[in-house]
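Line by line, the protein sequences give chains A and B.
Oh and the first sequence: position 238 is 238 in the numbering used here, straight run, nothing missing.
Each number in the numbering used here corresponds to the 1-based position in the second sequence with 1000 added.
Structure, as C-alpha cells:
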Amino acid sequence: MNAPAAAPEPAAGGGIARGETILEVRNLRKYFPVTEGLVFQKTVGNVKAVDGVSFDIRKGETLGLVGESGCGKTTTGRCVLQLDRPTSGEVVFEGVNLEQLSNQELTPWRRKVQVIFQDPYSSLNPRMKVGSILGEPMRVHGIEPDPNRRKQRVAELLGVCGLPAKFADRYPHEMSGGQRQRVGIARALCLNPDFIICDEAVSALDVSIQAQVINLLEDLREEFDLTYLFIAHDLSVVHHLCDRVAVMYLGKIVELAESDELFDNPLHPYTRALLSAVPIPDPRVEAERAHQTLKGEVPSPLNPPPGCVFHPRCTLAVDGCRGALPELRELRPGHWVACTEVS
Amino acid sequence: MATPQALIDTTDLDEFRKPLGRRLWDLARKQPLGTAGAFVVVLMAVAAATAGIITPFDPERASLQHMLTPPGGQFLMGTDEFGRDILTRVLYGARTALFIGLVSAFVGATAGLVIGVASAYFGGLFDLIVQRIVDIFLAFPLIIMALAVVATLGPGVENVIIAIIVPFIPQCARVVRSSALSIREIPYVDAARALGYSHTRIILRHMAPNVMAPFLIMLTYFVGQAILLEAVLSYLGMGVQDPTPAWGLMLKGAAVEFIESAPWLSIFPGLAITLAVFGFNLFGDALRDLLDPKLRSR
Chain A
1 MNAPAAAPEP
11 AAGGGIARGE
21 TILEVRNLRK
31 YFPVTEGLVF
41 QKTVGNVKAV
51 DGVSFDIRKG
61 ETLGLVGESG
71 CGKTTTGRCV
81 LQLDRPTSGE
91 VVFEGVNLEQ
101 LSNQELTPWR
111 RKVQVIFQDP
121 YSSLNPRMKV
131 GSILGEPMRV
141 HGIEPDPNRR
151 KQRVAELLGV
161 CGLPAKFADR
171 YPHEMSGGQR
181 QRVGIARALC
191 LNPDFIICDE
201 AVSALDVSIQ
211 AQVINLLEDL
221 REEFDLTYLF
231 IAHDLSVVHH
241 LCDRVAVMYL
251 GKIVELAESD
261 ELFDNPLHPY
271 TRALLSAVPI
281 PDPRVEAERA
291 HQTLKGEVPS
301 PLNPPPGCVF
311 HPRCTLAVDG
321 CRGALPELRE
331 LRPGHWVACT
341 EVS
Chain B
1001 MATPQALIDT
1011 TDLDEFRKPL
1021 GRRLWDLARK
1031 QPLGTAGAFV
1041 VVLMAVAAAT
1051 AGIITPFDPE
1061 RASLQHMLTP
1071 PGGQFLMGTD
1081 EFGRDILTRV
1091 LYGARTALFI
1101 GLVSAFVGAT
1111 AGLVIGVASA
1121 YFGGLFDLIV
1131 QRIVDIFLAF
1141 PLIIMALAVV
1151 ATLGPGVENV
1161 IIAIIVPFIP
1171 QCARVVRSSA
1181 LSIREIPYVD
1191 AARALGYSHT
1201 RIILRHMAPN
1211 VMAPFLIMLT
1221 YFVGQAILLE
1231 AVLSYLGMGV
1241 QDPTPAWGLM
1251 LKGAAVEFIE
1261 SAPWLSIFPG
1271 LAITLAVFGF
1281 NLFGDALRDL
1291 LDPKLRSR
C-alpha cells in the first residue's frame, strides 16, 4: 500500500449534487470458488456469479437491475454494499473506491449506503423490539446519543414509513409482512443514507401491499433526496419506479437504457424475450399475440458458454457469437446493448 | 344479534385465560418426566438453601459417642465413622454440588456459546482452526480430561470448577456452532453488517440470543454432568477435600470399608447423586422438547 494516508471519510451532508454520478461500478467480478479436499482445499472451478459488470448511477435517479433468478443481481448488490468483497473490479462511491478500504475504514461509509431486503420475515432480528432495531444504529454511529431524542427519532421514522409510534414496543413476530417491510425500510433510513439498495424489496409482499410499499419508496426518494438501486424481477414494477434499467443475464449486463426506451424499444434478443414473457392483463390480446419463448435452460455459471453467454439460446446467433465477447455499445443515445447482431 | 365479542374467535386466547396453576398442571400432564425432573431440581435447591434450618447438626463436627449409628431415631440416615449425621451431610452436600454444578455449567456453556457463534460467524480459516482444536478436546473422555486438569492444578473447589469447565467448552461450542451456521445466513445478520456494527456486537447481540434454545438445553445437561464429575473427582480424592460435605467424598474411605456392616454410609449419598443427575437430565430433555418446535410432541 501507499504511504499511511488517512482513510477517506464521507463528506458531511450531500457531497454530490443532483444529477452527478454518485456510484460507479467498474468491471465488477465476483467468483465463488468450488473446492475439493477436506483440509488442503484446492479450487476446481469458479461460479462466475458476476462477471464484468459496469454501470453508474446519478444522484437522485433509480436504476433498475432486472434478470431471472441466479443471474447475479443480488450478488451485484451485495458487492456494492461490501457484504461480499468482489473478486476484482471497483465500486466507487462519491469518488472513493470502497474496495481499497479496510472493514474499519468502511464503517463511516456504511451510513451512506443502506439496504432493504426481500424477505421481511427474516431480515429483522426476532429477539429485538422495533424500537431497538431502529435505535441501535443511531447509538452505534453516535448520531443520536441521547436516549430520549433517540426514541423521538424512532417515532418519527415509524411515522414517515406509515407506522404508528407505539410499534416501537413490538417484536417483529407481532406484525404483518407489510408492517415488517416498513420497519425494514425505516431501518435503512435511520442513518440518513444517500443511497439505498432495494434487493427485491417488494417481491415477498402481496400485490396490494406491494403498491403501498412502492408508493412509500417513491415518496421517500423525494423527501430524503435518495438514490436507489432497485433489484427486481417484476418488470412492471421496475417500469413504474425506475429511471433507467439494466438487464442482466448470467453475470453480465446485456442491455442498459432509459426505462421507457427499454420497454418500448428493446434491442437485445434476451430483453425482447424477457419483455414478451410479461403477461398482458387482457385474455383476448394475450391469446392473439405472438410469444417469443426461449429454448433451453440458463447455462451453468460454473462453465458459461464461450463468446456471448446468450448465444446457445439466441434467435439471432451467428458463428461470430461463439468467438468474441460482445462489448456494450451505445446504439442510441443512452441505450447500451451487448450484442453484435442488432443495430 | 351476536355481540361484537362473540364474533371474535377467541380459541387461541383461551390458553392464556387459564389461571397459572391450571396451565402448569396441563404442562405437567404433557411432560410428566420433565415435571419429575423439575421437582428434583427444586427439591435440591430448597435443600441447599435451607440446610442450616432443616437440621440441628453441624456437618463437619465429629461426635465420637454416635459413631456408625444405623438409620432411625435421632439420625434418619444414620451417622458416619466420625459420628456425623449423614442426612445433614447430604443436605449440605447439595449446596456444594449445586454450587459447583451451576457455576461450571454456566461458565462452560457461556464460553462455548461465544466460541461457537464466533466460529460460525467468521467462518473460513478461523472456523477450521477452532473446530480442529474442538475435535482434539472432544477426543478425550470427559473424566480423563477433568482428571488431567485437576492433576495439574491440584485439588480444591476452585480447581474442580475449572477442571469441569474445560471439557464443557468444546462440547457446547460444537453444538452452538451448528445452530449459529444457519443463523449466519439469515438476512438480519447481513443487515447488521450493512449497518456497520462491530463483529463483537453482531456475535453477542444479534447471533447469540438466537441460539438460546440449544444453549439452555446444554446448560441444564451440563449441571447434571458437572454434579456427576464433581462426585467422581471427589471420590478419587482429587476434588473437594474433607471435611467439606460433598457426596462423592462421602462414598470413599470408610463407606467402602464398611459397605457390608454399615451400608447406609454409601446408600444415601449415592442415591442423592443419582437423583440429582437424573433430575437435571429429565429437566433438560423436557426443556428441549418445549424449546424445539420440530421435536414438540403432538
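All C-beta atoms, glycine included, are put in the ideal place defined by N, C-alpha and C.
These numbers were taken from a predicted model, which means no experiment stands behind them.
Counting pairs of Cβ atoms below 8 Å between the stretch 328-339 of chain A and the stretch 1242-1250 of chain B, do you hit three or more? no
Determine the DSSP secondary structure at Asn192 of chain A, reduced to helix, strand or coil. As a working note, residue 192 of chain A is residue 192 in the first sequence. Coil.
Output needed for Val92 of chain A: all residues of its chain with C-beta closer than 8 Å, excluding positions within five of it in sequence on either side, in chain order. Numbered from its first residue, the first sequence carries residue 92 of chain A at position 92. Around Val92 of chain A: Leu23, Glu24, Val25, Arg26, Leu98.
Mind the definition here: the stretch 240-259 of chain A touches the stretch 304-315 of chain A only if three or more C-beta pairs lie below 8 Å; say whether that holds. yes
Runs of alpha helix (DSSP H) lying entirely within the stretch 1163-1235 of chain B, each at least 4 residues, in chain order: 1187-1194, 1212-1235
Does the distance from the C-beta atom of Ala1120 of chain B to that of Ala1180 of chain B stay below 8 Å? Counting from 1 along the second sequence, the entry for residue 1120 of chain B is found at position 120. Counting from 1 along the second sequence, the entry for residue 1180 of chain B is found at position 180. Yes, Cβ-Cβ distance for Ala1120 of chain B and Ala1180 of chain B is below 8 Å.
7 Å CB neighbourhood of Met1077 of chain B in its chain, flanking five on each side removed: Locating residue 1077 of chain B in the second sequence gives position 77, counting from the first residue. Excluding residues within five positions, the ones whose Cβ falls inside 7 Å are Pro1071, Ile1086, Leu1087, Val1090, Trp1264, Phe1268.
Compare the C-beta of Arg993 of chain B with all C-beta atoms of chain A and state if any pair is closer than 8 Å. Coverage of chain B is limited to positions 1001 through 1298, which leaves residue 993 of chain B absent and any answer about it impossible.
Can you give the Cα-Cα distance for Arg18 of chain A and Thr1220 of chain B, rounded to whole angstroms? Position 18 of the first sequence, counted from the start, is the residue given in the question as residue 18 of chain A. Position 220 of the second sequence, counted from the start, is the residue given in the question as residue 1220 of chain B. Approximately 60 Å, taken between the alpha carbons.
Between Thr227 of chain A and Glu94 of chain A, is the Cβ-Cβ spacing less than 8 Å? Mapped onto the first sequence, residue 227 of chain A falls at position 227. Mapped onto the first sequence, residue 94 of chain A falls at position 94. Against a cut-off of 8 Å, the Cβ pair of Glu94 of chain A and Thr227 of chain A comes out as no contact.
Using a Cβ-Cβ cut-off of 6 Å (strictly less than) and excluding sequence neighbours within five positions of Ser1234 of chain B, which residues of its own chain qualify? Here the question's residue 1234 of chain B lines up with position 234 in the second sequence. Excluding residues within five positions, the ones whose Cβ falls inside 6 Å are Val1240, Ala1246, Gly1248, Leu1249.
Check whether chain A comes within 8 Å of Leu1195 of chain B, counting only Cβ atoms and requiring the distance to be less than that. Within the second sequence, numbered from 1, the residue matching residue 1195 of chain B stands at position 195. Cβ-Cβ to chain A under 8 Å: yes for Leu1195 of chain B.
Reference Gly131 of chain A; option with closest CA among A:Ser102, A:Pro172, A:Val96: Residue numbering aside, residue 131 of chain A sits at position 131 when the first sequence is read from its first letter. It is A:Pro172.
Alpha carbon of Ala1151 of chain B to alpha carbon of Arg1084 of chain B, nearest angstrom: Along the second sequence, read from residue 1 onward, the residue named residue 1151 of chain B stands at position 151. Along the second sequence, read from residue 1 onward, the residue named residue 1084 of chain B stands at position 84. Approximately 30 Å between the Cα atoms of the pair.
Asn103 of chain A: first and last residue of the uninterrupted alpha helix (DSSP H) it sits in: Locating residue 103 of chain A in the first sequence gives position 103, counting from the first residue. Counting along the chain, the alpha helix (DSSP H) containing Asn103 of chain A begins and ends at 103-110.
Flag this pair as touching only if the stretch 1093-1113 of chain B and the stretch 1222-1234 of chain B have three or more C-beta atom pairs under 8 Å; answer yes or no. yes
The stretch 194-211 of chain A in contact with the stretch 27-35 of chain A per 3-pair CB rule at 8 Å: no
If you measure from the beta carbon of Ala17 of chain A to each beta carbon in chain B, is any gap under 8 Å? Residue 17 of chain A sits at position 17 when you count from the first residue of the first sequence. Judged by the 8 Å Cβ criterion, Ala17 of chain A is not in contact with chain B.
Quick check: what's the CA-CA separation for Asn46 of chain A versus Thr87 of chain A? Working through the first sequence from its first residue, we reach residue 46 of chain A at position 46. Working through the first sequence from its first residue, we reach residue 87 of chain A at position 87. The alpha-carbon atoms of Asn46 of chain A and Thr87 of chain A are separated by roughly 11 Å.
Leaving out five residues before and five after Leu216 of chain A in sequence, what residues of the same chain have Cβ atoms less than 8 Å from its Cβ? Reading the first sequence from its first residue, position 216 is the one you call residue 216 of chain A. Excluding residues within five positions, the ones whose Cβ falls inside 8 Å are Cys161, Gly162, Arg182, Ile185.
CB Ile231 of chain A to CB Lys73 of chain A, shorter than 8 Å? The sequence position of residue 231 of chain A within the first sequence is 231, counting from 1. The sequence position of residue 73 of chain A within the first sequence is 73, counting from 1. In this structure, Lys73 of chain A lies closer than 8 Å to Ile231 of chain A by Cβ.
Under 8 Å, Cβ to Cβ, is there at least one residue of chain B near His141 of chain A? Residue numbering aside, residue 141 of chain A sits at position 141 when the first sequence is read from its first letter. So, interface residue.
Tell me Ile231 of chain A's beta-bridge partners as DSSP assigns them. Residue mapping note: residue 231 of chain A aligns to position 231 of the first sequence, counting from 1. Per DSSP, A:Leu65, A:Asp199.
Nearest-angstrom Cα separation, counted from Glu90 of chain A out to Pro8 of chain A: The residue labelled residue 8 of chain A in the question sits at position 8 within the first sequence. The residue labelled residue 90 of chain A in the question sits at position 90 within the first sequence. Spanning the two alpha carbons is a distance of roughly 16 Å.
Assuming Ser203 of chain A and Gln118 of chain A make a contact with CB atoms under 8 Å, what is their CB distance in whole Å? As a position in the first sequence, residue 203 of chain A is number 203, starting the count at 1. As a position in the first sequence, residue 118 of chain A is number 118, starting the count at 1. With 8 Å as the limit, Ser203 of chain A and Gln118 of chain A qualify as a contact, their Cβ atoms being about 6 Å apart.
Should the stretch 1180-1198 of chain B be regarded as contacting the stretch 125-142 of chain A, the criterion being three or more beta carbon pairs within less than 8 Å? yes
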